[in-house]
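Q:
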Amino acid sequence: MSPAAGMRALERFREVAADPRAELARVKERSGLAAVGYFDSYLPEELIMAHGLIPYRVTVDGRDDVRSMEYIQAYACPAARNLLDQALRGDLDLLDGALFTRYCDSLRGVFAVWDAEHLTPYVDFVRYPTVTTTEAAVQYLAAELREVSARMATALDAPVDEHHLREAIVACDRKRALVAELARRRAAREMALQGSDYLGILVAATTMLPDDFTQELSALMAHPPAGEPGDALPVVLSGTTFDNVRLAASIEQAGLCLVADDLASGSRWYGVQVEAMMGAAPLVSGGGPGAVGATAEASATATGGPSLAGGAGDPWTALARAYLTKPPCSVKEPAEPRADHLLAQVRASGAAGVVFYLTKFCESEEVEWPYLRDRLEAEGVPVVMIEGEHRSAGFEQVRTRLEAFREQVEGF
Ligand code: SF4
């Protein structure tokens with residue numbers, strides 16, 4: 354592999370991140386396969402791949418539109434509205450299906466419109482348990498994944514194949530582990546890669562086919578771009594899903610270096626390792642004997658939902674366990690593991706502070722922010738919160754605040 358292969362891989366990632374839908378078109382044309390979109394990091398892409406289908410995480414493109422306002426409340430978050438706008442404009446016509454999870458109220462609103470307006474030929478919903486810390490929740494989700502799989506097989510005439518599922522688990526584990534290694538090397542300053550390029554690679558990781566992505570990232574890591582760490586202030590970027598590479602570049606133009614992340618689409622995603630969960634010990638509930646699981650079970654029974662099944666070595670149970678035990682987003686409980694995870698990112702990267710990006714109208718992040726701020730401040734970690742709509746336009750005021758934050762931290 355030549356040194357030029359590293360630069361070519363970086364250019365490819367930049368191209369994919371700049372126009373993820375063009376990559377989807379290329380993959381569909383090359384493979385002739387149907388594609389299923391999804392929206393958050395709790396949806397296992399392995400579920401889609403088990404049917405021989407293309408998984409595609411729909412990313413926020415930051416383009417202004419008001420069409421979605423006709424369908425959902427104006428207080429739905431701008432990220433969710435943007436996802437709906439893309440579908441209403443016809444930008445997602447390449448999708449044959451869409452899978453939602455019980456993630457947040459805004460995305461649930463998007464699902465309701467998507468379903469009613471038939472924005473893709475097939476649309477379905479994975480009923481995730483809200484609390485994630487009990488064995489009953491694991492078994493409930495495993496059964497739910499099987500049920501959704503059965504409906505998808507019928508709707509898209511794409512039977513599930515357990516061999517495909519196991520191959521998908523291996524391929525996705527491999528790419529996530531490689532992204533984790535990339536993040537580790539950046540955090541250790543072993544690799545000079547701008548934060549905006551790192552964010553672009555995160556977008557590409559759920560846009561490209563896993564083996565293709567892994568091959569390109571291996572080339573980049575074998576021949577990384579040359580460069581020295583500058584004097585920018587190293588910070589951790591914390592938030593939900595964050596796809597706007599240009600916005601990340603704007604943050605860095607304020608003299609900050611996004612050296613690590615606590616994002617739903619970043620470090621709270623790439624740590625998922627499903628194979629390691631094959632035959633893992635059952636969860637022991639911290640919230641009383643079966644308290645949360647009982648809720649999930651009761652809900653399943655009341656709605657005629659799935660029965661509880663699966664055991665050691667069962668790939669569906671391993672999928673459920675791996676996705677439920679990743680560092681939680683603010684839409685799930687409890688909050689402590691997310692704060693622990695964020696602090697671990699700060700310590701491992703030697704970051705001097707945290708930039709918390711609050712998506713406007715994101716209730717769960719608004720609720721979690723004071724707790725995260727207090728935990729960080731108790732540990733002596735400076736933090737600044739910026740609120741935005743995932744658009745880089747009109748970012749000047751925020752840049753001034755970030756420059757002030759940098760001066761404040763450097764003045765300590
Ligand atoms: S930013 Fe918040 S409200 Fe918007 S889609 Fe993400 S979790 Fe939901």
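The working numbering applies: residue 354 is where the sequence shown begins, and numbers increase by one. The C-beta atom is built at its ideal place from N, Cα and C for all residues, glycine as well.
#1: Taking just the CA atoms, how far does residue 433 sit from residue 463?
#2: Rounded C-beta distance between residue 363 and residue 564? I'm assuming under 8 Å.
#3: Under 7 Å from any heavy atom of the ligand SF4, does the C-beta of residue 740 make it?
#4: May I have the straight-line CA-CA distance separating residue 642 from residue 391, to the nearest angstrom?
#5: By the three-class DSSP mapping on this structure, what secondary structure does residue 405 have?
#6: What I want to know is whether the C-beta of residue 493 ends up closer than 7 Å to one or more non-hydrogen atoms of the ligand SF4.
#7: Spatial neighbours of residue 531 within its chain, please: CB distance less than 8 Å, with the 5 preceding and 5 following residues excluded, ordered by chain position.
#8: For residue 413, does the three-state DSSP call read helix, strand or coil?
#9: Between residue 627 and the ligand SF4, is there a pair consisting of the residue's CB and a ligand heavy atom that are separated by less than 7 Å?
#10: Using three-state DSSP, classify residue 419 as helix, strand or coil.
#11: Measure how close the beta-carbons of residue 707 and residue 684 come, nearest whole angstrom, since I'm counting them as under 8 Å.
#12: In whole angstroms, give me the CA-to-CA distance for residue 332 and residue 591.
#13: Just to check my reading of the structure: residue 511 and residue 505 have Cβ atoms closer than 8 Å, yes? What is that Cβ distance to the nearest angstrom?
#14: Does DSSP classify residue 363 as helix, strand or coil?
#15: Between which residues of its own chain and residue 356 is the CB-CB distance below 6 Å, once the five residues before and five after are set aside?
#16: Strictly by DSSP, which residues pair up with residue 701?
#17: Go ahead and pull the three-state DSSP assignment for residue 714.
#18: Going by CA-CA distance only, name the one from 712, 763, 455, 359 that's closest to residue 600.
#19: Examine the Cβ distances between the stretch 464 to 474 and the stretch 437 to 455 and report whether three or more of them are shorter than 8 Å.
#20: Can you name the start and end residues of the beta strand (DSSP E) that residue 614 belongs to?
#21: Between the stretch 418 to 435 and the stretch 398 to 405, do three or more beta carbon pairs fall short of 8 Å?
#22: Going by other Cβ atoms of all chains shown within 10 Å of its Cβ, with 16 needed for buried, is residue 753 buried or exposed?
#23: Per DSSP, residue 630 forms a beta bridge with which residues?
#24: Classify residue 687: buried if its beta carbon has 16 or more other beta carbons within 10 angstroms, exposed otherwise.
#25: Rounding to the nearest angstrom, what Cα-Cα distance links residue 632 and residue 666 in this structure?
#26: Only counting the same chain, and skipping five residues up and downstream in sequence, which positions put a Cβ closer than 6 Å to that of residue 598?
#27: Just to check, is the beta-carbon of residue 384 closer than 7 Å to a non-hydrogen atom of the ligand SF4?
#28: Would DSSP call residue 505 helix, strand or coil?
#29: Using the DSSP secondary-structure output, state which residues sit across from residue 454 in a beta bridge.
#30: Who are the near neighbours of residue 720 in its chain, counting only those whose CB is closer than 8 Å to its CB and skipping five residues on each side?
A: So, to answer that:
#1: 7 Å
#2: Contact doesn't hold; Cβ gap of about 19 Å is too wide.
#3: no
#4: Below a pLDDT of 50, predicted positions are generally treated as unreliable, and residue 642, at 30, falls in that range; no measurement from the model is reported.
#5: coil
#6: no
#7: 567, 570, 571, 574
#8: coil
#9: no
#10: coil
#11: That pair is no contact at about 20 Å.
#12: There is no way to answer for residue 332, as the model of the chain reaches only from 354 to 765.
#13: 7 Å
#14: helix
#15: 576
#16: Answer is none; residue 701 lacks a bridge partner.
#17: coil
#18: 712
#19: yes
#20: 609 to 615
#21: no
#22: exposed
#23: According to DSSP, which records beta bridges pairwise, residue 630 is partnered with nothing at all.
#24: exposed
#25: 5 Å
#26: 370, 549, 552, 553
#27: no
#28: helix
#29: 479
#30: 683
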